[in-house]
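What follows is one structure encoded as C-alpha cells, with my remarks underneath.
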Ligand SMILES: Nc1ncnc2c1ncn2[C@@H]1O[C@H](COP(=O)(O)OP(=O)(O)OP(=O)(O)O)[C@@H](O)[C@H]1O
Ligand SMILES: [Mg+2]
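In our numbering, the protein residues as written are 39 to 432.
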C-alpha cells in the first residue's frame, strides 16, 4: 500500500487497574460495569479501561479529559513507568511489554522522553547541566554533551542563560529547560503530561507556539496531555477525549467540534473558544465575481450585475491578486471619469488559509469588502466575508 500511515505507537485494548482484587474487578469491568461500581464492589480503581489508539509519526496526538479520567496513566504506560494490567503497546510494530531490562533502558534513553508539569529539574545544576544530563547518563563524550545541549538551549530560546541556576529562572524558562532536556536525547517521541498547566496564560501561549515550531522543525512525534480544550485544539493533529478511563472519541479538532460523539464531548467543546478551532480555510468561499485585469469594464459590470454583488476581485493571468474593483468605481470608468487601472483598489485586506478565525476578528470588523485569502505568492485562494467570520463563532 503506497499511502500507508507510518504508525509509531499502537495502543491496543490497554487497561490499568489499581488495587488488590484486580482479577474479579477486571471481569466485572469487561462485562461493562461502570468505574464507580467496580470501585464500590472491589475497592479497585479502573484508571484506564480498554483504550486503543494509534499515533502517527511526526504528528501531535493530544489526550484530554477531566481530572481522574486516566490521561496520565495512559502516558505512563507508554514508557512503562506503569505496567498495564492488560492490553498491548506496540512501538514501531514491537510490543514494549516484551522488552528485557536492557532493551527497556535503551528505549527510554533513545526513543522516548517525558516532560512533566512539575519541571523535575535539578536545582544544584545550571541550565546547561540540566539539559546535558540525559546525554551524560548515556555516556556521551563531554564535548558532545555540551554541543548538543547548547543546540537545544538555543532552540528553545534560552541562549545566554546556559550558566544560570534553575532558581534564577521564571516558570516559563524552567519549562523551556525541561523541553530542551527532553529534546537533547533526540528522542523519536516526546511525552508531555500537562507541561504548560502551571504557567500563566500569556507564557503558556508562547510555549504552545514554541512547541509547534520546534515540532515542525524537528519533526518529532508528540503525545500531549491537557485538560484545556483550547490547548488541545491548538496543538493536536488528533485529539482523544477520555472519560472514566475510556476514550470516548478520537478525531481532528474540526471533526470533533463539528461532530461531537456525546454530551460529555459537547460540553468540552462548548467551553472552547471556537475561533481557535476553525481557521480561514474552513470558512472561505470562492469569490462570486472574479475578473482579469485585461477584462474590460463592461464585462466587470455585467459580472457584478449577474452575481448581485457590489465589487469584483481582480486577478492577473496567474491568478495573483491585483485588487478590488468596486461597483461605483466601475460606473465612473464607464462614464469616462476614471481609468480602469485607477479604479482598482489596491489596499485590500488579506489573510492566509491557516489563520485562526479569532485572529481575524478585529480585521473583519473594519473590513469594507470581504477579506482576500492569498498564499505566499499572492495567489487568490478565496474570500471570507465579515458575516462568515462572525457566524462561525456562534
Ligand atoms: N498510583 C495510583 N494508585 C491508585 N490509584 C491511582 C494511581 N494513579 C492514579 N490512580 C487513579 O487512577 C485514575 C486515573 O488517574 P490519572 O492520574 O491517570 O488521571 P488524569 O486524567 O491524569 O487526571 P489529572 O487531570 O488530575 O492529572 C484516578 O481515579 C486516580 O485516582
Ligand atoms: Mg494527570
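All C-beta atoms in this analysis are idealised placements derived from N, C-alpha and C, irrespective of residue type, glycine included.
Screening all residues for a C-beta within a distance smaller than 7 Å of any heavy atom in ligand 2 leaves 109, 110, 231, 232, 263, in chain order.
Taken in chain order, the complete beta strand (DSSP E) segments of 3 or more residues contained in the region 290 to 342 are 328 to 330.
Between ligand 1 and residue 89, a heavy atom-to-CB distance of less than 8 Å is absent.
In the displayed model, residue 355 falls within coil according to three-state DSSP, outside both helix and strand. Here residue 127 really is in contact with residue 115; their C-beta atoms are around 6 Å apart, less than 8 Å.
Rounded to whole angstroms, residue 119 and residue 326 show a C-alpha spacing of 57 Å. Distances between the C-beta of residue 123 and the heavy atoms of ligand 1 are all 8 Å or more. Residue 336 is classed as exposed because its beta carbon has fewer than 16 other beta carbons within 10 Å across all chains shown. In the DSSP assignment, residue 349 forms a beta bridge with 364. With the rule of 3 Cβ pairs closer than 8 Å, the region 56 to 73 does not count as touching the region 251 to 260. Here DSSP, grouped into helix, strand and coil, assigns residue 134 to helix.
Taking 8 Å as the cut-off, one finds no heavy atom of ligand 1 near enough to the beta carbon of residue 309. Counting the other Cβ atoms within 10 Å of the Cβ of residue 173 gives 16 or more, which makes it buried. Using a Cβ distance threshold of 9 Å, residue 283 and residue 54 count as a contacting pair. Residue 176 carries a coil assignment under DSSP once its states are collapsed to helix, strand and coil. Per DSSP, residue 151 is one residue of the beta strand (DSSP E) stretching across 150 to 153. Relative to ligand 1, residue 107 has its C-beta within less than 8 Å of a heavy atom. When the five nearest sequence neighbours on each side are left out, the beta carbons in the same chain lying within less than 6 Å of the beta carbon of residue 200 are those of 165, 166, 191, in order along the chain. Take residue 43, set aside five residues on each side of it, and the residues of its chain with a beta-carbon closer than 8 Å to its own are 92, 94, in chain order.
Residue environment for residue 240: exposed (fewer than 16 other C-beta atoms within 10 angstroms of its C-beta).
Counting C-beta atoms within 10 angstroms of its own C-beta, residue 269 has 16 or more neighbours from the protein chains shown and is therefore classed as buried. Under the three-state reduction of DSSP output, residue 120 falls in the coil class, being neither helix nor strand.
With 16 or more other Cβ atoms from the protein chains shown falling within 10 Å of its own Cβ, residue 306 counts as buried. In this structure, DSSP gives residue 92 an extended state, which the three-state scheme calls strand.
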